[in-house]
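Chemist:
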Amino acid sequence: MEAIKVRSDMNLIPEMNGGMVAANGERRKAIKRPDHIKPLPNKEEEVQDSEAMVGETQKSQNVWKPNVFYSQGMEMFCFAGREINIRESLDSFGALIWPGAVALCQYLENNQERFDLRDKAVLELGAGTGLVSIVASLLGAWVTATDLPNILHNLTFNLHRNTRGRCRYTPQVAELTWGLELEENFPRSIYHYDYVLCADVVYHHSCLNELLLTMRYFCRPGTTLLWANKVRFPTDLQFTENFQNAFSTTLLAEIPQEDVKIYQATVLAPKSPKP
Ligand SMILES: C[S@@+](CC[C@H](N)C(=O)[O-])C[C@H]1O[C@@H](n2cnc3c(N)ncnc32)[C@H](O)[C@@H]1O
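Here is the structure:
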């Protein structure tokens with residue numbers, strides 16, 4: 003598989019208008035910050051949604067096999083009482099639906115009492131085709147779905163197509179490259195998320211340290227990070243060890259037939275002073 007290429011943004015110089023100029027003179031547009039204040043919920047859609055969800059969730063029997071009806075560049079799922087159509091392509095990793103995303107959606111649907119997303123501010127890292135962000139939106143969250151710039155077009159398409167007129171909050175899409183300009187684009191003083199969701203963001207790529215740094219940046223006191231991943235390479239295990247050292251973690255679920263594990267992480271409790 004082709005490795006994801008991540009821009010090198012070293013030597014960027016801020017400009018008066020908020021843009022950036024690289025040392026070679028190349029101009030880069032400033033990233034538009036997502037909204038940080040939760041809007042009022044879309045009242046009418048909420049009623050329709052909750053009625054549909056109650057019926058469908060009760061019908062859901064098989065825990066780890068969501069209904070995938072059809073596949074040919076377009077995948078159809080049923081989560082949170084809704085049919086979800088996802089447009090895929092073979093262009094990049096972010097244009098496919100990965101098993102961690104399907105597992106996390108199923109987990110969120112089945113564990114709504116434990117992880118109540120309703121009215122919560124949710125950030126997804128490496129959202130790809132947007133399935134997890136769509137399901138979180140359908141479950142009542144106010145979602146910001148993020149990924150690399152070249153992924154955002156299809157992500158926006160899938161999100162709009164599957165949430166318009168159906169969700170309590172309209173989800174938003176934002177560019178976020180792991181480890182890059184986090185304080186500039188998501189200042190700590192104004193952005194705080196109740197949940198950070200990550201599905202299959204760990205595989206054979208060269209940004210694992212930047213990913214962990216980004217997880218740590220957004221996972222603050224009061225934040226719950228949920229990470230679902232299929233284990234593939236020895237480096238995945240090394241990441242898992244680093245992840246477990248960086249946070250207070252719980253293994254929430256294992257799906258052996260898919261080799262997928264779902265972890266919960268919160269900030270490490272401060273060590274109590276020695277007596
Ligand atoms: C394997 S795909 C998983 C996509 C989606 N979460 C899913 O499970 O279907 C990994 C995602 O991480 C994104 N990604 C990879 N490297 C990244 C980076 N350095 N910064 C931000 N996103 C990145 C990719 O664009 C892609 O959408």
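Mapping of the sequence shown onto my numbering: position 68 corresponds to residue 70, and the numbering continues sequentially without gaps. The beta carbon of each residue, even a glycine, is placed where N, CA and C say it ideally should be.
Measure the alpha-carbon distance for residue 226 versus residue 268 and round it to whole angstroms.
Modeler: Cα to Cα, residue 226 sits roughly 5 Å from residue 268.
Chemist: Tell me where the beta strand (DSSP E) around residue 124 begins and ends.
Modeler: Run containing residue 124: 123–127, per the beta strand (DSSP E) assignment.
Chemist: Just how far apart, CA to CA, sit residue 149 and residue 276?
Modeler: If I take the Cα positions, the gap works out to 43 Å.
Chemist: If the criterion is Cβ atoms closer than 9 Å, does the pair residue 126 and residue 199 meet it?
Modeler: Cβ distance < 9 Å, so residue 126 and residue 199 count as in contact.
Chemist: Please report the straight-line C-alpha distance between residue 124 and residue 194, rounded to a whole angstrom.
Modeler: Going from the Cα of residue 124 to the Cα of residue 194 covers about 9 Å.
Chemist: Which of the three DSSP states is assigned to residue 221 in this structure?
Modeler: Reduced to three states, the DSSP call for residue 221 is coil.
Chemist: Return the residue from the list 183, 175 and 132 that minimises the CA-CA distance to residue 215.
Modeler: Here the closest residue by C-alpha is 183.
Chemist: Please work out which residues of its chain come closer than 8 Å, Cβ to Cβ, to residue 250, disregarding the five sequence neighbours upstream and downstream, and give them in chain order.
Modeler: The residues are 267, 268, 269, 270 and 271.
Chemist: Helix, strand or coil for residue 204, going by three-state DSSP, please let me know.
Modeler: Note: residue 204 maps to coil in three-state DSSP.
Chemist: Measure the alpha-carbon distance for residue 75 versus residue 87 and round it to whole angstroms.
Modeler: Each residue's Cα considered, the two are about 10 Å apart.
Chemist: Express the C-alpha separation of residue 38 and residue 222 in angstroms, rounding to a whole number.
Modeler: Looking at the two C-alpha atoms, the distance is approximately 16 Å.
Chemist: Pick out the complete alpha helix (DSSP H) segments inside the segment 83–146, 4 residues or longer, and give them in chain order.
Modeler: Counting whole runs of 4 or more residues, the segment 83–146 contains the alpha helix (DSSP H) stretches 101–112 and 133–140.
Chemist: Hey, would you say residue 232 sits closer than 9 Å to residue 101, going by beta carbons?
Modeler: Yes, Cβ-Cβ distance for residue 232 and residue 101 is below 9 Å.
Chemist: Indicate the three-state DSSP secondary structure (helix, strand or coil) for residue 239 in the structure shown.
Modeler: Correct three-state label for residue 239: helix.
Chemist: In angstroms with no decimal places, state the Cα-to-Cα distance between residue 112 and residue 188.
Modeler: The alpha-carbon atoms of residue 112 and residue 188 are separated by roughly 31 Å.
Chemist: Could you tell me whether any non-hydrogen atom of ligand 1 is closer than 8 Å to the CB of residue 94?
Modeler: At least one heavy atom of ligand 1 is nearer than 8 Å to the Cβ of residue 94, so yes.
Chemist: Using CA coordinates, which residue listed in 97, 105, 81 and 89 is at the minimum distance from residue 261?
Modeler: Closest by alpha carbon: 105.
Chemist: Relative to the C-alpha of residue 170, which residue among 161, 135, 164 and 45 is closest?
Modeler: Per the Cα distances, 45.
Chemist: Taking the continuous alpha helix (DSSP H) assigned at residue 161, which residues delimit it?
Modeler: Segment 154–165, the alpha helix (DSSP H) holding residue 161.
Chemist: Under 8 Å: do the segment 134–143 and the segment 162–169 share three or more Cβ pairs, one atom per stretch?
Modeler: They touch, by the three-pair rule.
Chemist: Looking at the unbroken beta strand (DSSP E) that takes in residue 185, where does it start and where does it end?
Modeler: Per DSSP, residue 185 belongs to no beta strand (DSSP E); it is in the alpha helix (DSSP H), 184–187.
Chemist: Using CA coordinates, which residue listed in 213, 235 and 129 is at the minimum distance from residue 145?
Modeler: Measuring from the Cα of residue 145, the nearest candidate turns out to be 129.
Chemist: Quick one: Cα of residue 236 to Cα of residue 230, how far?
Modeler: Taking the straight line from one Cα to the other gives about 17 Å.
Chemist: Between residue 1 and the rest of its own chain, which residues show a CB-CB distance below 7 Å, the 5 nearest in sequence each way excluded?
Modeler: Residue 1 lies beyond the range of the chain shown here (3 to 277); nothing can be said about it.
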